[in-house]
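Q:
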Amino acid sequence: MRLISKRLVSPLLAVLIAVSVVVGIFLVGHYQIRSVLKNEAALVATAWYESARHGRSGLDGLLDGRSEALNGPLLRSFAIDTLAVGDPQAGIVTVVGDEGRSENELRPILETGASHPGNPQRSVHAVDESLFLSPNFATWVVFPVTPEGRQVAVRFDQTFEASQLLTTFNRQLVYLTGIAVVTFFSFMAGYTYRTQQMQREKQDLVYLAMHDELTGLGNRKKFEQSLGQMLARASEKTHKIGLLILDLDGFKSINDTLGHPVGDNLLRATAERLKNSLRDEDLLCRLSGDEFAVIVPVVHDNHALPSLADRMIRLIEQPFRIEGHEITIGCSIGITVGPDNGDTAKTLIRNADFALYRAKAGGRQTWRFFDPKMAEDQRSRETLEDGLRYAIQNDLFTLLYQPQYDLKSGEVVCYEALLRWKLTNENLVPTSMFLSVAEETGLIIPMGEWVIRQVARDCRALPGGVRVAVNLSAAQLQRDGTETYIAEALANSDIAPNRIEIEVNESILGRGEEAAFSRLERLREAGVSVVLDNFGVGTSSLGLLSRYPFDKIKLDRTFLSRISDPQKARAVVSAVCRLGQSLGMAVVGEGVENEAHRDLLRESGCNLAQGYFYGEPVTVEEVIGQEALATAALSSAAKTAADVSGDGSATPAPGPTRGGERNIRLVANG
1 MRLISKRLVS PLLAVLIAVS VVVGIFLVGH YQIRSVLKNE AALVATAWYE
51 SARHGRSGLD GLLDGRSEAL NGPLLRSFAI DTLAVGDPQA GIVTVVGDEG
101 RSENELRPIL ETGASHPGNP QRSVHAVDES LFLSPNFATW VVFPVTPEGR
151 QVAVRFDQTF EASQLLTTFN RQLVYLTGIA VVTFFSFMAG YTYRTQQMQR
201 EKQDLVYLAM HDELTGLGNR KKFEQSLGQM LARASEKTHK IGLLILDLDG
251 FKSINDTLGH PVGDNLLRAT AERLKNSLRD EDLLCRLSGD EFAVIVPVVH
301 DNHALPSLAD RMIRLIEQPF RIEGHEITIG CSIGITVGPD NGDTAKTLIR
351 NADFALYRAK AGGRQTWRFF DPKMAEDQRS RETLEDGLRY AIQNDLFTLL
401 YQPQYDLKSG EVVCYEALLR WKLTNENLVP TSMFLSVAEE TGLIIPMGEW
451 VIRQVARDCR ALPGGVRVAV NLSAAQLQRD GTETYIAEAL ANSDIAPNRI
501 EIEVNESILG RGEEAAFSRL ERLREAGVSV VLDNFGVGTS SLGLLSRYPF
551 DKIKLDRTFL SRISDPQKAR AVVSAVCRLG QSLGMAVVGE GVENEAHRDL
601 LRESGCNLAQ GYFYGEPVTV EEVIGQEALA TAALSSAAKT AADVSGDGSA
651 TPAPGPTRGG ERNIRLVANG
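Numbering (the UniProt record's numbering), first residue to last: 1 to 670.
#1: Under the three-state reduction of DSSP, which class applies to Gly387: helix, strand or coil?
#2: Helix, strand or coil, according to DSSP, for Cys285 in the structure here?
#3: What residue range is occupied by the uninterrupted alpha helix (DSSP H) comprising Val455?
#4: Any idea what DSSP makes of Ser115, helix, strand or coil?
#5: Would you report the Cα separation of Ser604 and Val592, rounded to the nearest angstrom?
#6: Taking the alpha-carbon positions, what's the His116 to Val154 distance?
#7: Alpha carbon to alpha carbon, what distance is there between Ile25 and Val19?
#8: Determine the contact status of Val531 and Gly465, defining contact as a CB-CB distance below 9 angstroms.
#9: Could you tell me the distance, in whole angstroms, from the CA atom of Ser163 to the CA atom of Phe156?
#10: Just verifying my parser: in three-state terms, what is the DSSP assignment at Ile502?
#11: Taking only runs of the beta strand (DSSP E) that begin and end inside the UniProt domain "GGDEF" (239-372), which ones reach a length of at least 3 residues, in chain order?
#12: Give the DSSP-derived three-state secondary structure of Phe156 in the structure shown.
#13: Judging by CA-CA distance, which residue of Val437, Val142, Ser518 is the nearest neighbour of Thr484?
#14: Output the distance between the C-alpha atoms of Leu13 and Glu281, rounded to the nearest integer angstrom.
#15: Buried or exposed for Val296, going by 16 or more other Cβ atoms inside 10 Å?
#16: In this structure, does DSSP put Ser529 in helix, strand or coil?
#17: Provide the residue span of the alpha helix (DSSP H) that contains Pro566, from first to last.
#18: Straight-line CA distance for Leu520 to Leu544?
#19: If I measure Cβ to Cβ from Val587 and keep anything under 6 angstroms in the same chain, skipping five residues before and after, which residues do I get?
#20: Determine the closest residue to Tyr390 out of Gln610, Trp421, Glu411, with distance taken between C-alpha atoms.
#21: How far does the alpha helix (DSSP H) with Ile486 in it extend, from its first residue to its last?
#22: Near Arg220, what residues of its chain come up, given a Cβ to Cβ distance below 6 angstroms and the 5 sequence neighbours on each side ignored?
#23: On the DSSP bridge assignment, give the partners of Cys606 in chain order.
#24: What's the gap between the Cα of Phe397 and the Cα of Leu315?
#25: Measure from the alpha carbon of Gly259 to the alpha carbon of each residue in Thr347, Ala269, Ser226, His325, then state which is nearest.
#26: Report yes if the CB atom of Gly334 is closer than 9 angstroms to the CB atom of Ala355, and no otherwise.
#27: Let's see if you can read the secondary structure: which residues bound the beta strand (DSSP E) around Gly469?
#28: Secondary structure at Glu661, three-state DSSP: helix, strand or coil?
#29: Please classify Gln121: is it buried, with 16 or more other beta-carbons within 10 angstroms of its beta-carbon, or exposed?
#30: Quick check on the DSSP output: the beta strand (DSSP E) that includes Leu418 runs from which residue to which?
#31: Using a threshold of 8 angstroms, is the CB atom of Asp599 nearer than that to any non-hydrogen atom of the ligand COA?
#32: Would you call the CB atoms of Gly242 and Gly330 closer than 9 angstroms?
#33: State the CB to CB distance for the pair Ile445 and Arg479, rounded to an integer number of angstroms; the pair is presumed to be in contact (CB under 8 angstroms).
#34: Check whether the stretch 446-461 touches the stretch 485-493, taking contact to mean three or more Cβ pairs, one atom from each stretch, closer than 8 angstroms.
#35: Considering only C-alpha positions, which residue in the set Leu462, Arg453, Gly481, Pro463 is nearest to Val470?
#36: Between which residues of its own chain and Asp551 is the CB-CB distance below 8 angstroms, once the five residues before and five after are set aside?
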C-alpha cells in the first residue's frame with residue numbers, strides 16, 4: 001500500500017499543479033482584459049468630457065435635458081449608449097438612451113463622483129454583465145461637472161471589444177495551456193524515469209556492495225552485517241544461532257594447474273552445491289577466495305550443526321565436471337554457536353576460524369567444534385609469532401652444526417646446519433618448536449635467507465673439504481628467485497657451490513610442483529648438491545627417485561627408532577642402501593643414538609651416519625676448536641710414529657678425500 005501511494009503521489013501532484021497553473025492564467029487573463037477595457041472606457045469618456053466642455057452649449061443642453069442635445073452628435077460620436085445626469089440636492093435624474101433604468105439604480109452610480117466636485121478625474125464604476133456567463137461588457141464613467149455637484153455618468157457598451165479580446169485570449173490560452181501541459185508532463189515523465197533509473201542504480205550498487213560478483217552469494221560485508229543482526233535477535237528471543245566457516249582443500253593447486261577460469265567455474269559450482277544443501281532461511285556467503293560461511297539463524301540442538309557439516313563435506317567430495325576436467329576437492333569446516341561461543345560477530349568469526357584451523361591441522365576434509373582451549377592455543381601462537389618477529393629484527397638466531405660421518409673411514413664429511421632461537425636467558429629453542437608458525441606466517445622466508453647468509457659466512461671458517469647441509473622449506477622452494485639468492489650469498493662469501501648441500505623434504509616434492517623441480521635443477525647445475533630428506537615416510541619416495549637425480553638419500557630416523565626387529569630393520573635399510581648404490585646416490589642414516597644403530601647401518605651398506613651417538617650439535621666456534629684438537633692429535637700421533645720408527649720422518653696418516661679435498665677426522669668410533 002505504501003509503495004502504491006508513493007507511485008501515485010507524483011502524477012497527482014503534477015495534475016494538480018498543471019490545473020492550478022491553467023486556472024491562474026485564466027483568472028489573471030480575464031482580470032487584465034477587464035482592466036484594459038475599463039482603461040479604454042475611461043480614456044474615451046475623458047475625450048468626450050473634454051469635447052463636451054469645450055462645446056459648452058452642448059454640455060449645458062445635456063445637463064438641462066434639452067432634446068436636441070440629447071440626440072445630438074456629442075453622444076453618437078463617442079458610442080455612448082446611455083447617459084445619466086443627476087443633481088444630488090434636487091434628486092433629479094435624467095436618463096438618455098436607456099429608459100428602462102430606474103432612478104434608484106442610477107443614483108449610486110452618480111454619487112460616486114460626489115467627493116470630487118469640479119474634478120474632471122473619472123471613476124470606473126461597474127460591469128453590467130458577468131464576464132464568465134456572457135461576453136456582454138459595459139463600463140460606467142462618472143464625472144462631477146459643476147460646482148453645484150451635478151454629475152454626469154456615461155455608459156460605454158464594450159461587448160464587441162470584450163468578445164474580440166476574449167476570443168483571442170482564449171485561443172492563446174488553449175494553445176499555451178497545451179504547450180504547458182505537454183512540457184510539464186514531459187518533464188514529469190523524464191523526472192520519473194530518471195528517478196526510477198537512479199533507484200535502480202542505487203539498488204544495483206547496494207547489491208554489488210553486499211554480494212559476491214562471481215557466485216552471486218552474499219559477500220563478507222553482508223555476512224558480518226547479517227551475523228550481527230541475527231546475534232541481536234538471538235539475544236532478544238533467547239535462542240541460538242550457528243556459524244560454519246568452510247575452506248576448500250586443494251583448491252589452490254587446481255587454480256594454479258588448470259587456470260583461473262576453471263577455478264572460477266569450480267567456485268560457482270561449489271556455491272551452487274552448498275546452496276542446494278541448505279534451507280531457505282540459512283544464509284550462505286563467500287568470504288574470500290575459497291572460503292565460505294553459513295549462518296543458521298535458529299539452532300535448537302547443537303548436534304544438528306555437525307550433521308549439516310557432514311552433509312556439506314560429502315557434497316563437496318563428489319567430483320566436479322568443469323570444462324572437460326573431472327576435479328575432486330574437499331573442505332574443512334569450523335563450527336561455532338552464538339552467543340555461547342561469542343556474543344559479537346567478531347568474536348564468533350574468530351572462534352570459528354580457530355575451529356577451522358584445527359580441522360585443517362587434523363587432516364582436512366573434516367569439521368571441528370570450537371573449544372575454548374583453541375583460543376588459548378591461538379594466543380600462544382600469536383605470542384610465538386610476535387617473538388619470532390622480534391628475533392628476526394634483533395638477530396636472535398644462531399646455527400648449530402651436527403656432523404655426518406663416513407662409516408668406513410670415520411671422518412666428518414659434512415655438517416648439517418640446525419637453526420636455533422636464542423632466548424634472553426641464553427636458552428636455545430629448537431626449530432621444531434616454531435617451524436609451523438614460521439611457515440604459516442611467512443616468517444620462514446626471512447629466517448631462511450638469514451640461514452643461507454650465515455652458513456656462507458661460517459663455511460669460510462671450516463676446512464675446505466667439508467660440506468654444509470641446509471634445509472630448504474616449502475615456502476622457499478616455491479618462491480621465485482630462491483636459487484639466485486643462494487648463488488649471490490655464496491658468491492659474496494667466496495664459497496664454492498659444491499660445499500653446500502640443499503636438503504628437501506619429500507613431502508614438499510611429493511606434490512609434483514614443476515617449479516620446485518626446476519629450481520632444484522638450476523641449483524644442481526650450479527654445483528650445489530641436492531639431498532632427499534626424510535626418505536621413506538611418504539607415499540611418493542620411489543617415484544621421486546625415478547624422477548629426479550638426487551645426490552644423496554637421507555633415511556628418516558624412524559627406520560632406526562621404530563623398528564624393533566633387527567632382522568626386518570636390516571632388510572629394509574639394506575634394500576634402501578642397495579637402491580641408492582644402483583642409482584649412484586649416497587645414503588645417510590639419521591638418528592643414530594647408539595652402537596646398535598651404527599652397526600646396523602654399517603652392515604647394511606649405508607655410506608654416512610648422523611646422530612647424537614657421534615655428538616650433539618655445536619656452534620661453529622666449537623667445531624673450529626674440535627678441528628684444532630684433532631689436528632694437534634694427528635700431529636702428535638705422527639711424531640710418535642716417527643720416533644718409534646727411528647727414521648725421524650713425520651708422515652701423518654692419510655685420510656680419504658673427495659674431489660681432491662681433504663676431510664676432517666674428529667671422531668673415530670669403532
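All C-beta atoms in this analysis are idealised placements derived from N, C-alpha and C, irrespective of residue type, glycine included. Quick caveat, the model's predicted, so the values are computed rather than measured.
A: Quick answer:
#1: Here residue 387 refers to the residue found at position 387 when the sequence shown is read from its first residue. Reduced to three states, the DSSP call for Gly387 is helix.
#2: If you number the sequence shown from 1, residue 285 lands on position 285. If DSSP states are grouped into helix, strand and coil, Cys285 belongs with the strands.
#3: Translated into the one-based positions of the sequence shown, residue 455 becomes position 455. Taken as a continuous stretch (DSSP letters only), the alpha helix (DSSP H) holding Val455 covers 444-459.
#4: By 1-based counting over the sequence shown, the position of residue 115 is 115. For Ser115, the predicted structure reports a pLDDT of 44, less than 50, and the residue's modelled location is therefore unreliable. The matter cannot be settled from this model.
#5: Here residue 604 corresponds to residue number 604 of the sequence shown, with the count starting at 1. Here residue 592 corresponds to residue number 592 of the sequence shown, with the count starting at 1. Computed Cα separation, rounded: 14 angstroms.
#6: For this step, residue 116 is matched to residue 116 along the sequence shown. For this step, residue 154 is matched to residue 154 along the sequence shown. The predicted model places His116 with a pLDDT of 43, which falls under 50 and marks its position as unreliable, so this point remains unresolved.
#7: Taking the sequence shown and counting its residues from 1, one reaches residue 19 at position 19. Taking the sequence shown and counting its residues from 1, one reaches residue 25 at position 25. Their backbone Cα atoms lie some 10 angstroms apart in a straight line.
#8: Counted from its first residue, the sequence shown places residue 531 at position 531. Counted from its first residue, the sequence shown places residue 465 at position 465. Contact: no.
#9: Residue numbering aside, residue 163 sits at position 163 when the sequence shown is read from its first letter. Residue numbering aside, residue 156 sits at position 156 when the sequence shown is read from its first letter. Going from the Cα of Ser163 to the Cα of Phe156 covers about 14 angstroms.
#10: Against the sequence shown, residue 502 aligns to sequence position 502. The answer is strand: DSSP assigns Ile502 an E or B state.
#11: 240-249, 283-288, 291-299, 320-322, 325-327, 330-338, 367-369
#12: Numbered from its first residue, the sequence shown carries residue 156 at position 156. Correct three-state label for Phe156: strand.
#13: Looking up residue 484 in the sequence shown gives position 484. For the residues Val437, Val142, Ser518, the minimum Cα distance to Thr484 belongs to Ser518.
#14: To locate residue 13, count along the sequence shown from 1; it is residue 13. To locate residue 281, count along the sequence shown from 1; it is residue 281. Taking the straight line from one Cα to the other gives about 41 angstroms.
#15: Residue mapping note: residue 296 aligns to position 296 of the sequence shown, counting from 1. Buried: at least 16 other Cβ atoms inside 10 Å.
#16: The residue given as residue 529 occupies position 529 in the sequence shown. Three-state result, Ser529: strand.
#17: Locating residue 566 in the sequence shown gives position 566, counting from the first residue. That run of the alpha helix (DSSP H) goes 566-582.
#18: As a first step, residue 520 must be located in the sequence shown, where it is residue number 520. As a first step, residue 544 must be located in the sequence shown, where it is residue number 544. The alpha-carbon atoms of Leu520 and Leu544 are separated by roughly 13 angstroms.
#19: In the sequence shown, counting from the first residue as 1, residue 587 sits at position 587. Around Val587: Ile553, Cys577, Gly580, Cys606, Asn607.
#20: As a working mapping, residue 390 is identified with position 390 in the sequence shown. Checking every option, the nearest Cα to that of Tyr390 belongs to Trp421.
#21: Within the sequence shown, the letter at position 486 stands for residue 486. 482-492 is the extent of the alpha helix (DSSP H) around Ile486.
#22: Position 220 of the sequence shown, counted from the first residue, corresponds to residue 220. Around Arg220: Leu287.
#23: Here residue 606 refers to the residue found at position 606 of the sequence shown. According to DSSP, Cys606 bridges with nothing at all.
#24: Locating residue 397 in the sequence shown gives position 397, where the first residue counts as 1. Locating residue 315 in the sequence shown gives position 315, where the first residue counts as 1. Going by the C-alpha atoms only, they are around 47 angstroms apart.
#25: Here residue 259 refers to the residue found at position 259 of the sequence shown. The candidate whose alpha carbon is nearest that of Gly259 is His325.
#26: Counting from 1 along the sequence shown, the entry for residue 334 is found at position 334. Counting from 1 along the sequence shown, the entry for residue 355 is found at position 355. Yes. Within cutoff.
#27: As a first step, residue 469 is located in the sequence shown; it is residue number 469 there, counting from the start. The identity of residue 469 in the sequence shown is Ala, whereas the question assumes Gly. Ala469 -> beta strand (DSSP E) spans 467-472.
#28: Position 661 of the sequence shown, counted from the first residue, corresponds to residue 661. Its pLDDT being 34, under 50, Glu661 is placed unreliably in this model, and the value from its coordinates should be taken loosely. Glu661: strand per DSSP, three-state reduction.
#29: Here residue 121 is taken as the residue at index 121 of the sequence shown, counted from 1. Annotation note: pLDDT 47 at Gln121 (below 50); position unreliable, no value reported.
#30: Position 418 of the sequence shown holds residue 418. Here the beta strand (DSSP E) through Leu418 covers 412-422.
#31: Among the components modelled here there is no ligand, and therefore nothing to report on the ligand COA.
#32: In the sequence shown, residue 242 corresponds to position 242, counting from 1. In the sequence shown, residue 330 corresponds to position 330, counting from 1. Cβ atoms of Gly242 and Gly330: not closer than 9 angstroms.
#33: Taking the first residue of the sequence shown as 1, we reach residue 445 at position 445. Taking the first residue of the sequence shown as 1, we reach residue 479 at position 479. Contact flag correct, Cβ pair sits at about 7 angstroms.
#34: yes
#35: Indexing the sequence shown from 1 puts residue 470 at position 470. For Val470, the nearest C-alpha among the options comes from Arg453.
#36: Residue mapping note: residue 551 aligns to position 551 of the sequence shown, counting from 1. Within the same chain, Asp551 has close Cβ partners Glu501, Arg524, Ser529, Val530, Val531, Met585, Ala586.
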